[in-house]
Amino acid sequence: MNLLTLQVSPDVWVARGERGQWARADPHPLDRAAAADLPEWRVEEFLASRALLRHLLRATRPELAEVPVRAEEQGRPVLAGHPGKGISISHDGDAIAVAFAPHRRVGVDVQLPPDNVPDGLLRRCLGEHTRDLGTLPERQRAAELAWVWTAQEACVKAAGTGMSGRPWAIDVPPGRHRGQWHDFQWISLRGRSQTPLSCAFSAPHSDLDTS
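Numbering follows the working numbering, with no gaps: position 81 of the sequence shown is 1383.
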């Protein structure tokens, strides 16, 4: 999985890479300090995702690449002192993804397809669409579930609600490339990413900071 950087909508960027590659990058001093209190098993994915985020910032808004990254109460990452600049981070296994959107709220999610798909999980995430996947081979069902879940998870990340936003209840029809949930648009990067990867974002807000 090579580095992928895309502008998915005006002023909305997504980058996806491999944890092993970005873990080898020289960590930013602020990120190294933030990782000091993490469990050992979390350090590599933390530093890799921060390195990819700073790479994306350097490519899009280099003046923000040195800004501290903080976590809100719900765990959503933010750029310190720039509340209107939306960022999001996701990782699963060796896959990592980040998003950046000035003047928007943004969420990104990357997901490796599971080895098997219990019927209960399929019904929970797909609801009335479950029957659409009933005849697919297990591997295809797993991949489609992963695509649906990335869109659902990206939406609640953009909203800042996390799992309390009940992502599994968001209607994402299988095979769909884009859709709308409340005030958020979501886009699944089918055809551009081999690993299921989706991004959600709000409309631009002129009342957010413009610094």
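Ideal placement from N, C-alpha and C gives every residue a C-beta, glycine not left out.
For E1346, I'd like the list of residues in its chain whose CB is within less than 7 Å of its CB, leaving aside the five on either flank, ordered along the chain.
Counting from 1 along the sequence shown, the entry for residue 1346 is found at position 44. Once the five neighbours on either side are set aside, the close Cβ partners of E1346 are R1321, A1325.
Helix, strand or coil, according to DSSP, for M1303 in the structure here?
By one-based count along the sequence shown, residue 1303 stands at place 1. Confidence at M1303 is low in this model, with a pLDDT of 48, below 50, so the placement of that residue should be treated as unreliable; the coordinate-derived value is given next. Coil at M1303, not helix or strand.
Enumerate in chain order the residues of its own chain whose CB-to-CB distance from A1445 is below 8 Å, with the five nearest sequence positions on each side excluded.
By 1-based counting over the sequence shown, the position of residue 1445 is 143. P1415, P1498, listed in sequence order.
Rounded straight-line distance, which links the Cα of R1406 to that of P1506:
In the sequence shown, the residue the question calls residue 1506 occupies position 204. In the sequence shown, the residue the question calls residue 1406 occupies position 104. Going from the Cα of P1506 to the Cα of R1406 covers about 5 Å.
Can you look up P1404 in the DSSP assignment and give me helix, strand or coil?
As a first step, residue 1404 is located in the sequence shown; it is residue number 102 there, counting from the start. Correct three-state label for P1404: strand.
Please classify D1313: does DSSP put it in a helix, a strand, or coil?
Within the sequence shown, the letter at position 11 stands for residue 1313. Residue state, collapsed to three classes: coil.
Classify P1404 as buried or exposed, calling it buried when 16 or more other Cβ atoms lie within 10 Å of its own Cβ.
Taking the first residue of the sequence shown as position 1, residue 1404 is located at position 102. By the 10 Å Cβ count, P1404 comes out buried.
Can you tell me whether A1382 is buried or exposed, with buried defined as 16 or more other CB within 10 angstroms of its CB?
On the sequence shown, position 80 is the one that residue 1382 refers to. By the 10 Å Cβ count, A1382 comes out exposed.
Answer yes or no: do F1348 and L1340 have a C-beta to C-beta separation smaller than 8 Å?
In the sequence shown, the residue the question calls residue 1348 occupies position 46. In the sequence shown, the residue the question calls residue 1340 occupies position 38. Cβ distance < 8 Å, so F1348 and L1340 count as in contact.
Considering only residues of the same chain and omitting the five flanking positions on each side of Q1454, which have a CB-CB separation below 6 Å?
Locating residue 1454 in the sequence shown gives position 152, counting from the first residue. These residues qualify, in order along the chain: P1469, I1472, V1474.
Tell me which same chain residues have a C-beta within less than 6 Å of the C-beta of S1508, skipping the five on either side of it?
Residue 1508 sits at position 206 when you count from the first residue of the sequence shown. Residue placement at S1508 is poorly supported in this model, since its pLDDT is 49, which falls under 50; the coordinates are not used for a value here.
Can you tell me whether S1513 is buried or exposed? The criterion is at least 16 other CB atoms within 10 Å of its CB, across all chains shown.
Here residue 1513 refers to the residue found at position 211 of the sequence shown. Interpretation of S1513 is limited by its pLDDT of 47, a score under 50 that renders its predicted location unreliable; the figure taken from the coordinates is listed afterwards. So S1513 counts as exposed.
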